[in-house]
Structures are given as C-alpha cells and as structure tokens.
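Enquirer: Once you've had a glance at the structure underneath, I'll fire off some questions.
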Amino acid sequence: MATAIANPGRPVRLINYLAYGSNDVLGAGSMAVISGWVLIFYTQFCGLSAGQAAAIFAVARILDAIASPLIGYISDHFGDTRLGRRFGRRRFFILAAIPLLPSFALMWLPGQTFPYYLATYVFFELVYASVIIPYETLAAEMSSDYRTKAKFAGVRILFGQTAAILAGFLPLWLINALGHDSADTFFWMGCIFAALFMATAAFLYFFSWERDRAVPRIAAVSDDGIGAALTNLYRNLLSTMRIRAFRLHLGMYLGGYISQDIFNAAFTFFVIFALAGTTAVASGLLGTMYIVQFVAVVIAINLALRASPALAYRLAALCFAGGVMVLIALWLQGSTSTSPYIWIAIGLAGLGRGALNYIPWATYNYMADVDEIVTGQRREGSFAGVMTFVRKATQAAAVAGVGMLMEAGGFVSGAQTQSPEALNAIAAILGLGTIMVLAAGIVVSLRFRLDVRTHEVLMSEIERLRASDPTPPEPENRAIVEDLSGWRYDQLWGRNPVAGSAR
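If you want this note's numbering, it's the position in the sequence shown, counting the first as 1, plus 28.
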C-alpha cells in the first residue's frame with residue numbers, strides 16, 4: 029500500500045500562494061463569463077434558440093463525463109512515466125494546456141453556425157479540465173497543514189473574485205467602446221481572458237510543486253483490455269462517494285454553486301426585460317456584486333477559521349437569499365433598474381455569494397486527508413476529477429435548464445420586449461430556483477463537522493495508523509474520525525472495500 033511522504037522542509041512563500049491563487053482566473057473567471065454571458069451571446073447575438081444553446085451544454089457534458097474523471101485518474105498515476113518524472117504528474121497537464129487556452133476566444137467569434145459554437149465550446153471545456161483537475165490537487169500536494177490549505181483556498185477565491193469583477197465590468201467597458209449592439213464586445217472579452225489564462229497557468233507551473241511519493245508502477249491499461257481499465261477507473265471514482273465528509277461537502281458545494289449558476293444565467297435577462305434595463309446596466313450591476321463578493325471572501329476566511337465552515341456557509345446562504353428576495357420584491361412593485369433599492373439587493377447577494385464561493389473550496393482541500401485514513405492512499409486526482417465533472421455538469425445543467433424553462437415560458441430570442449408570461453418565468457427562475465437550491469445546501473451543512481479541531485484529530489489519527497500504533501484511540505477521537513469518514517474505526521486504513529476500489 030503506497031503512502032504519501034511529507035515534505036515539511038519546503039516552506040510555502042507568498043509567491044507560491046499568489047501563483048496557486050492566480051490560476052483561479054481561469055477556474056472562476058471562465059465560469060463567471062460563461063454563466064453570466066454565454067446564453068445572452070448565443071440567443072441575442074448569434075441567432076441560436078435557447079434550445080440550441082441547451083443542446084451545446086448537453087453534448088459537452090456527455091463528453092466531459094468521460095474526459096474529466098479520466099484526467100483525474102491519469103494524473104494520479106502519471107508520475108510513473110518519463111514525462112511525469114520530468115514535469116510532474118499534475119503540473120505536466122498544466123504546461124501542455126497553455127498553448128491551447130486561446131481556444132476560449134474562439135467561443136465568442138460572432139456570425140458563426142451552431143456546429144461551430146458546439147465544437148468550440150466542447151474543445152475549451154476539455155482544455156479547461158486538463159488544467160483545473162491537476163490544479164485542484166496542488167494545495168494538498170504542497171502542504172498538509174490546515175491553516176496553510178485554508179490560505180491557499182482564500183487566495184484562490186480572491187483571485188477568482190477579481191476575475192469575476194472583470195467578467196462583470198469588461199462587457200460594460202467594451203460596450204462603451206464598440207457600441208451597444210456590437211457582438212465584437214464578447215469576442216474581445218474572450219481574447220483578453222484567454223491571454224490572462226495563459227499567463228496565470230505559466231505562473232502556477234513555475235511556482236508550485238508536488239509532494240514526494242513512493243508509488244509503484246501502475247499501468248494505465250490492464251491486461252484485460254481498455255474496457256476493464258475504464259471499469260476500474262469509474263469504480264475508483266465512485267468510491268470517493270463512500271467518504272462521508274466528501275458527500276456532505278458536495279452537497280454544500282452544489283447548493284452554493286448551482287444557486288449562483290441559476291442566478292447568473294437569469295440575472296441579465298431579469299435586469300433587461302423585467303427591470304427595463306440594458307446589457308450595460310446588467311454588466312455594471314454584476315461587476316459591483318463581484319466587488320462585494322471580494323470583500324465577503326475576506327470576511328468568510330476569518331469566520332470559517334474562527335467559528336466553523338458550516339456555520340459560515342449557513343449565514344452566507346441566508347444573506348444571498350435575502351438579496352434575491354429584494355430583487356423579486358422590486359419587480360413585483362413595478363420598480364426598474366434605476367431604483368436605489370437595487371443596491372441593497374446587490375450588496376446582500378454579493379456578501380452571501382462571496383462566502384459561498386470560498387467555503388466549499390476551503391473544505392475541499394481536506395477531503396484527501398479524510399480519504400487517506402480510509403484507504404491509506406493519496407487520491408487528490410480522483411477527487412479533483414469528480415469535483416470538476418460535477419461542477420461543469422451542474423453548471424451546464426443550470427444554464428441549459430434556465431434556457432429551456434425560459435423558452436417554455438414564452439421567451440423569444442432576439443426580441444426587444446417579452447410577454448408577461450415570459451417575464452413571470454424569468455422571475456420564477458431567478459427567485460424560486462435560486463432559493464430552493466440554497467435551502468438544500470443549508471440542510472446538508474447541518475451535518476458537516478469538519479473544522480480546525482476535528483482536522484487536527486484526523487491528522488493525528490492518520491499518523492498513529494501510519495506508525496502502526498497498537499494503542500486504542502481516545503473515544504472522542506474515534507467518534508470524530510468515524511463521523512468524518514463514515515466508517516467504523518476498525519475498518520479504516522485499508523480494511524474496507526473502498527481501499528480495493530481505489531487501487
């Protein structure tokens with residue numbers, strides 16, 4: 029059974045935090061641009077129907093169901109290859125993807141056909157996965173300390189929020205430069221972001237590292253053929269769901285992020301059609317919201333460390349829901365986007381969303397630790413593959429779902445005004461859709477108990493098991509580890525079916 033060898037002698041410096049965090053310009057920045065603008069771009073500037081836009085997302089997710097977990101699995105085993113030994117089993121993929129990142133700009137080229145937009149969207153999604161999945165393992169690779177990992181997550185989200193601010197305001201600036209009806213606004217936005225993606229990926233590669241490991245050679249394809257290899261791959265990935273803390277983490281993650289995907293996809297339409305605004309007004313409101321989110325991340329970092337991630341999550345969800353309710357109240361009262369009360373909604377939503385962005389990624393950095401006490405192995409890549417696939421699949425489902433529900437509600441692509449039925453559908457999606465998903469996340473958070481104290485207990489028990497200490501654990505430590513892992517103590521450290529699936 030292979031175990032990780034710690035590398036405590038390598039300190040994490042400011043430049044390492046910055047390099048790690050900067051790559052979320054790709055992670056959060058591209059997702060902010062896509063969730064906030066791609067539906068508007070496809071339907072209002074490219075002549076696609078909401079149904080065609082939904083089809084693009086659906087095809088991409090089918091392909092991603094194979095690609096993302098496969099990349100995670102390969103990165104866990106890539107260190108045995110010549111390229112892996114030279115460039116890093118994780119970092120090799122980041123390096124190889126840098127010249128392919130300009131594909132993001134090609135997504136936003138106006139005047140093309142449905143097959144073109146399908147192909148460019150799918151291609152960028154695959155390039156994105158080849159960077160983000162290895163990236164999401166690096167915090168756990170570079171440190172095993174709880175607070176260091178929390179700082180990695182905090183710097184990452186701060187960079188992500190900065191990119192989101194740019195995603196909000198950049199269309200406004202380009203609209204002012206190019207004109208209100210120019211589709212080139214989105215193409216130039218894509219070019220600017222593609223250049224940033226390349227720069228931050230290179231920065232990450234040169235100022236990150238991976239932990240030393242003693243891992244035996246594991247062939248990517250078994251003697252039984254490619255079918256057996258893929259079966260083993262998905263058995264390994266599905267085994268991550270048998271870790272209780274990871275299941276709860278996913279529930280909180282999806283509650284926080286799907287609610288934002290629904291909100292983002294509907295918000296621009298809501299401002300333009302329900303509140304009688306413009307694309308420029310929607311851009312300014314989004315940009316302001318992302319500024320508030322940046323401040324909220326700083327608050328959430330301190331709250332999550334001083335109290336608990338679950339408590340901070342619940343407070344953030346309630347704050348976001350309050351902002352959504354203010355927006356719906358403005359619409360019901362017949363207010364427009366010029367109402368001063370809209371800034372209350374933007375402020376509340378921004379405070380909640382910033383914390384919801386940070387907390388799941390802070391807790392994610394500890395999932396491989398919980399898995400290690402169950403399996404005796406380090407599987408950061410498998411968890412990253414599952415996270416990336418789940419994130420992209422749910423975001424695509426949310427954006428596609430918004431498009432299909434709007435079309436079913438009477439929304440007409442390219443129209444300057446919409447029917448009352450269509451406005452009701454947009455408002456229901458923004459209000460009910462967002463709040464219902466937030467409520468589900470709150471319910472899950474009530475059972476999540478990973479924090480500074482319980483993580484310290486977890487790591488001490490891992491060291492005891494690694495040293496084959498025969499002393500029985502303290503009753504409190506036993507209860508904590510069993511709660512986090514979902515397994516009895518006598519089943520830990522490889523004495524369970526998960527360990528067999530993880531090989």
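Glycine residues also receive a C-beta, built at the ideal position from the N, C-alpha and C atoms.
Residues in its own chain within less than 6 Å of Ala-273 by CB, not counting five upstream and five downstream?
Expert: Numbered from 1 along the sequence shown, position 245 holds the residue referred to as residue 273. For Ala-273, where only same-chain residues beyond five positions count, the Cβ hits under 6 Å are Val-398, Leu-478, Leu-512.
Enquirer: What is the rounded straight-line gap between the Cα of Met-59 and the Cα of Gln-80?
Expert: As a working mapping, residue 59 is identified with position 31 in the sequence shown. As a working mapping, residue 80 is identified with position 52 in the sequence shown. Using only the alpha carbons, I get a separation of about 20 Å.
Enquirer: Can you list, in chain order, the stretches of the alpha helix (DSSP H) that have 4 or more residues and sit fully within the region 254-324?
Expert: As far as the region 254-324 is concerned, its whole alpha helix (DSSP H) runs of at least 4 residues are 254-267, 272-297.
Enquirer: Kindly indicate which three-state DSSP category Asp-479 falls into: helix, strand or coil?
Expert: For the purposes of this step, residue 479 is taken as the residue at position 451 of the sequence shown. Coil, per DSSP.
Enquirer: Are Thr-176 and Val-40 closer than 8 Å when you measure CB to CB?
Expert: Here the question's residue 176 lines up with position 148 in the sequence shown. Here the question's residue 40 lines up with position 12 in the sequence shown. Yes; because the gap between Cβ atoms is below 8 Å, this pair is in contact.
Enquirer: Using the rule of at least 16 other Cβ atoms within 10 Å of the residue's Cβ for burial, across every protein chain shown, is Val-320 buried or exposed?
Expert: The residue given as residue 320 occupies position 292 in the sequence shown. Classification of Val-320: buried, given that the 10 Å Cβ count is 16 or more.
Enquirer: Ordered along the chain, which non-local residues of its own chain (more than five positions away) have a Cβ less than 6 Å from that of Gly-514?
Expert: Along the sequence shown, read from residue 1 onward, the residue named residue 514 stands at position 486. Correct list, in chain order: Arg-272.
Enquirer: Does the Cβ-Cβ distance between Ala-424 and Met-434 come in under 8 Å?
Expert: Taking the first residue of the sequence shown as position 1, residue 424 is located at position 396. Taking the first residue of the sequence shown as position 1, residue 434 is located at position 406. Not a contact, by the Cβ cut-off of 8 Å.
Enquirer: Taking C-alpha atoms, which residue in Phe-297, Ala-383, Leu-520, Gln-519 lies nearest to Ala-338?
Expert: As a working note, residue 338 is residue 310 in the sequence shown. Out of Phe-297, Ala-383, Leu-520, Gln-519, Ala-383 has the C-alpha closest to the C-alpha of Ala-338.
Enquirer: Taking the alpha carbon of Tyr-369 as the point to measure from, which residue in Asn-385, Gly-380, Val-352 has its own alpha carbon closest?
Expert: Looking up residue 369 in the sequence shown gives position 341. Of Asn-385, Gly-380, Val-352, the residue nearest in Cα terms is Val-352.
Enquirer: So Ser-50 and Leu-232 are supposed to be a Cβ contact under 8 Å. How far apart are they, rounded?
Expert: Counting from 1 along the sequence shown, the entry for residue 50 is found at position 22. Counting from 1 along the sequence shown, the entry for residue 232 is found at position 204. So it is a contact: roughly 7 Å between Cβ atoms.
Enquirer: Report all residues from its chain with a CB closer than 7 Å to the CB of Asn-524; omit the five preceding and five following residues, and keep chain order.
Expert: Looking up residue 524 in the sequence shown gives position 496. Result list for Asn-524: Val-402, Trp-515, in chain order.
Enquirer: Should Ala-373 and Leu-355 be called a contact, given that it needs their Cβ atoms to be closer than 8 Å?
Expert: Here residue 373 refers to the residue found at position 345 when the sequence shown is read from its first residue. Here residue 355 refers to the residue found at position 327 when the sequence shown is read from its first residue. Closer than 8 Å, so yes.
Enquirer: Among Pro-138, Arg-239, Tyr-144, whose alpha-carbon lies nearest the alpha-carbon of Gly-107?
Expert: Along the sequence shown, one-based indexing puts residue 107 at 79. Here the closest residue by C-alpha is Arg-239.
Enquirer: If you follow the alpha helix (DSSP H) that Cys-219 is in, where does it begin and where does it stop?
Expert: Sequence index remark: in the sequence shown, residue 219 carries index 191 (1-based). It spans 212-234 - the alpha helix (DSSP H) in which Cys-219 sits, taken as one unbroken run.
Enquirer: Under 8 Å between the Cβ atoms of Leu-194 and Ala-349?
Expert: Translated into the one-based positions of the sequence shown, residue 194 becomes position 166. Translated into the one-based positions of the sequence shown, residue 349 becomes position 321. Not in contact: Leu-194 and Ala-349 (Cβ atoms no closer than 8 Å).
Enquirer: Determine the DSSP secondary structure at Val-40, reduced to helix, strand or coil.
Expert: Locating residue 40 in the sequence shown gives position 12, where the first residue counts as 1. In this structure, Val-40 counts as coil in the three-state DSSP scheme.
Enquirer: Cβ atoms of Ala-223 and Ala-125: under 8 Å apart, would you say?
Expert: The residue you call residue 125 lines up with position 97 of the sequence shown. The residue you call residue 223 lines up with position 195 of the sequence shown. In this structure, Ala-223 does not lie closer than 8 Å to Ala-125 by Cβ.
Enquirer: At the level of alpha carbons, what is the spacing between Thr-213 and Thr-422?
Expert: The residue labelled residue 213 in the question sits at position 185 within the sequence shown. The residue labelled residue 422 in the question sits at position 394 within the sequence shown. Taking the straight line joining both Cα atoms gives about 27 Å.
Enquirer: Would DSSP call Met-135 helix, strand or coil?
Expert: Position 107 of the sequence shown, counting from 1, holds the residue named residue 135. Reduced to three states, the DSSP call for Met-135 is coil.
Enquirer: Buried or exposed for Gly-55, please, with buried defined as at least 16 other CB atoms from any protein chain shown within 10 angstroms of its CB.
Expert: For the purposes of this step, residue 55 is taken as the residue at position 27 of the sequence shown. Counting Cβ neighbours within 10 Å, Gly-55 comes out buried, since at least 16 surround it.
Enquirer: Could you tell me which of Val-150, Thr-306, Phe-73, Phe-291 sits nearest to Val-427, measuring between CA atoms?
Expert: Along the sequence shown, one-based indexing puts residue 427 at 399. It is Phe-291 whose Cα lies nearest to the Cα of Val-427.
Enquirer: Taking buried to mean at least 16 other C-beta atoms within 10 Å of its own C-beta, is Phe-215 buried or exposed?
Expert: Position 187 of the sequence shown, counted from the start, is the residue given in the question as residue 215. By the 10 Å Cβ count, Phe-215 comes out buried.
Enquirer: Please look up how many angstroms separate the CB atoms of Phe-235 and Asn-44, rounded, as I've assumed it's under 8 Å.
Expert: Here residue 235 refers to the residue found at position 207 when the sequence shown is read from its first residue. Here residue 44 refers to the residue found at position 16 when the sequence shown is read from its first residue. Their Cβ separation, rounded to whole angstroms, is 5 Å, which keeps Phe-235 and Asn-44 in contact under 8 Å.
Enquirer: How long is the line joining the alpha carbons of Gly-112 and Ser-158, rounded to whole angstroms?
Expert: Counting from 1 along the sequence shown, the entry for residue 112 is found at position 84. Counting from 1 along the sequence shown, the entry for residue 158 is found at position 130. Cα-Cα distance, rounded: 15 Å.
Enquirer: From which residue to which residue does the alpha helix (DSSP H) around Cys-74 run?
Expert: Taking the sequence shown and counting its residues from 1, the one referred to as residue 74 is at position 46. That residue, Cys-74, is in no alpha helix (DSSP H); it is neither H nor E in DSSP.
Enquirer: Which same chain residues end up closer than 6 Å to Thr-307 when comparing Cβ atoms and leaving out the 5 residues on each side of it in sequence?
Expert: Numbered from its first residue, the sequence shown carries residue 307 at position 279. Here the set comprises nothing.
Enquirer: Any idea what DSSP makes of Asn-505, helix, strand or coil?
Expert: As a first step, residue 505 must be located in the sequence shown, where it is residue number 477. In the structure shown, Asn-505 sits in a helix (DSSP, three-state: H, G or I).
Enquirer: Is DSSP giving Asn-330 helix, strand or coil here?
Expert: For the purposes of this step, residue 330 is taken as the residue at position 302 of the sequence shown. In this structure, Asn-330 counts as helix in the three-state DSSP scheme.
Enquirer: So Thr-296 and Gly-64 are in contact, right, with Cβ under 8 Å, and what is the actual spacing, rounded?
Expert: Stepping through the sequence shown from its first residue, residue 296 is reached at position 268. Stepping through the sequence shown from its first residue, residue 64 is reached at position 36. The Cβ separation is near 7 Å, so the contact holds.
Enquirer: Would you give the residue range spanned by the alpha helix (DSSP H) that Ser-158 belongs to?
Expert: Indexing the sequence shown from 1 puts residue 158 at position 130. Note, Ser-158: alpha helix (DSSP H), 142-163.
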